[in-house]
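Add 2 to a position in the sequence shown, counting from 1, and you land on the number used in our numbering. Backbone N, C-alpha and C fix where the C-beta goes; we use that ideal spot for every residue, glycine too. Beneath this line is the structure, given in structure tokens, with notes to follow.
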Amino acid sequence: MKKLQIDIPPHKLNDHEFIKKQICRKLHLPFNKPLEFHIIRRSIDARKKVKFILQVAVGKKEVTPTVKSLYSHQSERNVLIVGAGPAGYFAALECLVHGFKPIILERGKDVQTRRKDLRQIQQFGVVNPHSNYCFGEGGAGTYSDGKLYTRSGKRHEIDHILQILVEHGANPDILIDSHPHIGSNKLPNVIKNIRETILQFGGEIHFNAFVTNFLLHNNRIVGVQINHTTEIMGDDVVLATGHSARDIFQLCNSSGIDIEAKPFAMGVRIEHPQALIDDVQYRQNPRDENLPASSYGLVCQSYGRGVFSFCMCPGGIIVPAATAPNETVVNGMSLSRRDSPFANSGIVVAVELEDLTDYKHFGKFAGLEYQKHIEKQAFKYGGDETQQAPAQRLVDFVEGKLSSSLPKTSYIPGVHSAPLHEALPSQMVKRLQDGFLQFGKKMKSYYTNDAQIVGVESRTSSPIRIPRNSKTLMHPNITHLYPCGEGAGYAGGIVSAAMDGQRVVRAIKANSKQ
């Protein structure tokens with residue numbers, strides 16, 4: 003099988019014969035020669051004239067065995083998995099490979115029932131602390147976009163994750179796209195199918211199962227208590243609760259399970275018209291029908307801290323991501339078609355531990371309390387109790403002026419004009435203001451009052467890490483406890499969390515042989 007790269011104009015993306023001719027031309031073959039080929043990677047180059055870059059393999063495509071063929075019904079040991087997000091569910095699937103029985107405990111609801119609680123947040127501002135955009139089957143990624151991009155260089159592991167998603171209903175295009183994306187309208191069905199696989203092979207999944215205590219014996223975890231009543235025992239416990247499970251961090255601390263503070267990032271979410279971003283990135287308005295809504299990635303240094311875009315959602319909407327009453331948190335998502343007229347992205351500032359001197363009396367929880375304070379401030383500046391979010395036109399924010407009006411927004415609960423330059427910490431404001439000016443120089447038309455910022459983007463990552471041994475992946479002072487995923491501080495996104503779930507279960511297998 004020979005591999006090569008060809009360039010394709012957008013309007014020829016689905017023209018099989020044109021692609022074949024390009025391959026034949028590059029290989030110096032006659033155009034009428036029978037030829038088998040398949041695309042193995044697809045990306046967009048918009049630096050000059052916009053084009054698709056295709057990595058193509060010429061020859062018969064190999065048939066790979068399905069991942070499901072590796073699963074078994076054996077139950078050599080019971081592995082309790084706390085959390086049904088990507089780390090938890092992929093840990094469960096990996097358990098099926100190694101003959102372990104996964105028992106998943108999820109504080110929230112199944113992916114279909116969870117929708118009702120999201121509607122309550124969107125329409126009435128009612129936040130269920132156990133079922134929201136962060137908690138519930140599938141975790142935070144289910145209804146906040148489904149982006150599958152990761153900076154990990156472990157291509158084989160990434161491809162394995164993507165293959166599992168495709169086998170459970172995701173579009174096969176994610177196997178070839180350089181920035182794969184499922185979409186918040188498609189991902190729930192994929193997650194439901196993963197649940198059915200886990201149950202089919204003997205696993206258990208318990209919803210509305212909130213862990214309220216850890217059962218410890220001689221520095222070993224032997225099980226957990228759920229809902230203050232029921233005890234569930236297991237040979238190992240995988241703690242995959244996500245970056246917003248603040249009560250689990252408190253429970254760890256009170257139970258003598260070491261935790262530690264770590265750096266994180268916070269800021270705002272910015273929203274532009276998608277047509278403006280397309281015009282900047284593609285120099286097309288309207289864009290070619292084969293081109294996806296364009297995205298961007300921006301980063302700079304400002305007063306000794308990084309300022310960067312996070313979770314950019316082309317053709318997306320802003321959603322309320324609070325996990326408790328009286329706080330306002332925003333996030334972004336896109337549906338599979340990415341056809342919203344808006345583009346949004348988190349723009350956040352790195353927060354180091356030395357930035358938290360006013361909160362140092364909280365010890366390990368300094369970052370978490372800082373995070374909570376800003377979220378409560380955002381709620382206060384939002385104007386009422388229906389999850390309205392404080393917002394400000396971009397140039398007005400940089401110039402320190404209250405906006406007399408606001409552009410249209412995708413944020414369903416609505417926005418309220420507020421002086422975010424006063425609501426946010428002064429050091430964060432200074433760095434964001436400088437960062438936006440720098441981004442305006444890097445990206446034409448980005449710095450405009452047609453854009454608005456919405457507050458606050460505060461759940462980019464956890465301000466707490468649950469430590470683990472680098473070899474065994476076990477907690478250093480509680481044996482058979484395996485911190486995992488974003489909440490423990492070892493992942494950042496769906497794919498990296500899923501990979502960490504798999505990695506932890508492989509460690510359980512290796513440790514069980516010793």
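Check your understanding: For I8, which three-state DSSP category applies?
Key -> I8: strand per DSSP, three-state reduction.
Check your understanding: Nearest-angstrom Cα distance between A393 and V84?
Key -> Rounded to whole angstroms, A393 to V84 spans 36 Å at the Cα level.
Check your understanding: So, are the CB atoms of A491 and I510 less than 8 Å apart?
Key -> The question names Ala, but residue 491 in the sequence shown is Gly. For G491 and I510, no; Cβs fall outside 8 Å.
Exercise for review: Quick one: residues in its chain with C-beta nearer than 6 Å to the C-beta of E206, no 5 flanking neighbours on either side, listed in chain order?
Suggested key: Cβ neighbours of E206 beyond the five flanking positions: I105.
Practice item. Alpha carbon to alpha carbon, how far is S498 from L98? Give it in angstroms, no decimals. Key: Annotation: L98 to S498 spans about 20 Å, alpha carbon to alpha carbon.
**Study point:** Local Cβ density within 10 Å of P36, reported as buried at 16 or more and exposed below that
**Key:** Label assigned to P36: exposed.
Point to revise | Identified DSSP bridge partners for L217 | key: Paired residue(s): G225.
Check your understanding: Does the separation of the CB atoms of I184 and V113 fall below 8 Å?
Key -> In this structure, I184 keeps its C-beta atom at 8 Å or more from the C-beta atom of V113.
Exercise for review: Out of N187, I349, G503 and L408, state which residue places its alpha-carbon closest to the alpha-carbon of D436.
Suggested key: For the residues N187, I349, G503 and L408, the minimum Cα distance to D436 belongs to I349.
**Study point:** H245 (DSSP reduced to helix, strand or coil)
**Key:** When secondary structure is reduced to three states using DSSP, H245 falls in the coil class, being assigned neither helix nor strand.
Check your understanding: Since I123 sits in a beta bridge, which residues does DSSP pair it with?
Key -> DSSP lists no beta-bridge partner residue for I123.
Review point. Mind checking whether V129 and A324 have CB atoms under 8 Å apart?
Key: One thing to note: V129 has its Cβ within 8 Å of the Cβ of A324.
Exercise for review: Kindly give me the distance between the Cβ atoms of S460 and V301, rounded to whole angstroms, as I take these residues to be in contact under 8 Å.
Suggested key: With a contact defined as Cβ atoms closer than 8 Å, S460 and V301 miss out at about 19 Å.
Exercise for review: For Y73, name the three-state secondary structure that DSSP assigns.
Suggested key: Reduced to three states, the DSSP call for Y73 is coil.
Review point. Are three or more beta carbon pairs between the segment 146-161 and the segment 303-322 nearer than 8 Å?
Key: A contact exists between the segment 146-161 and the segment 303-322.
Exercise for review: Out of V417, V282 and L434, point me to the one whose CA is closest to H423's CA.
Suggested key: Taking only the C-alpha atoms, the option nearest H423 is L434.
Review point. The ligand SAM heavy atoms versus the CB of D280: any closer than 7 Å?
Key: The ligand SAM is absent from the structure shown, which contains no ligand whatsoever.
**Study point:** Among S347, G236, K23 and S342, the one whose alpha carbon lies nearest that of V309
**Key:** Of S347, G236, K23 and S342, the smallest CA-CA separation from V309 is found for S347.
Check your understanding: Can you find at least 3 beta carbon pairs, one from the segment 366-376 and one from the segment 399-406, that sit closer than 8 Å?
Key -> No, the segment 366-376 is not in contact with the segment 399-406.
Review point. What number of angstroms, rounded off, separates the C-alpha of P131 from the C-alpha of I234?
Key: Note on geometry: alpha-carbon atoms of P131 and I234 lie some 23 Å from one another.
Practice item. Name the residue from A267, I272 and T243 whose alpha carbon lies nearest to the alpha carbon of R520. Key: Within the shown structure, residues of the chain are numbered from 3 to 516, placing residue 520 beyond reach of any answer.
Point to revise | Coarse secondary structure for R109, derived from DSSP in three states | key: If DSSP states are grouped into helix, strand and coil, R109 belongs with coil.
Practice item. Apply the 10 Å Cβ neighbour rule to K111 and answer buried if 16 or more other Cβ atoms are within range, or exposed otherwise. Key: Buried.
Review point. Just the Cα atoms here: how many angstroms apart are Q465 and I250?
Key: Residue identity check: residue 465 is Pro in the sequence provided, not Gln. Taking the straight line joining both Cα atoms gives about 13 Å.
Point to revise | G457 - DSSP class collapsed to helix/strand/coil | key: Three-state DSSP puts G457 in a strand.
Practice item. Go ahead and pull the three-state DSSP assignment for Q252. Key: Looking at Q252 - three-state DSSP - the assignment turns out to be helix.
Exercise for review: Tell me whether the beta-carbon of A242 lies closer than 8 Å to the beta-carbon of G90.
Suggested key: Yes, Cβ-Cβ distance for A242 and G90 is below 8 Å.
Review point. In terms of alpha-carbon separation, which member of G489, Q440 and P190 lies closest to S338?
Key: For the set G489, Q440 and P190, the Cα lying nearest the Cα of S338 is the one of P190.
Check your understanding: Going straight from the alpha carbon of L483 to that of A500, what length do you get?
Key -> C-alpha of L483 to C-alpha of A500: approximately 18 Å in a straight line.
Review point. Taking G495 as the reference, which of G384, A142, A425 and V69 has the closest Cα?
Key: Nearest C-alpha to G495: A142.
Exercise for review: Compare the C-alpha of Q76 against each of F92, L426, H100 and E96 and name the closest.
Suggested key: Cα-wise, what sits closest to Q76 is H100.
Practice item. For A94, count neighbouring C-beta atoms within 10 Å of its own C-beta (all shown protein chains included) and say buried if the count is 16 or more, exposed if not. Key: So A94 ends up on the buried side.
**Study point:** Coarse secondary structure for M445, derived from DSSP in three states
**Key:** For M445, the three-state secondary structure derived from DSSP is coil.
Check your understanding: Nearest-angstrom Cα distance between K378 and L475?
Key -> Rounded to whole angstroms, K378 to L475 spans 35 Å at the Cα level.
Practice item. For N134, count neighbouring Cβ atoms within 10 angstroms of its own Cβ and tell me buried if that reaches 16, exposed if not. Key: By the 10 Å Cβ count, N134 comes out buried.
Check your understanding: Applying the criterion that 16 or more other CB atoms from any shown protein chain within 10 Å of the CB defines a buried residue, is R116 buried or exposed?
Key -> By the 16-neighbour rule on beta-carbons within 10 angstroms, R116 is buried.
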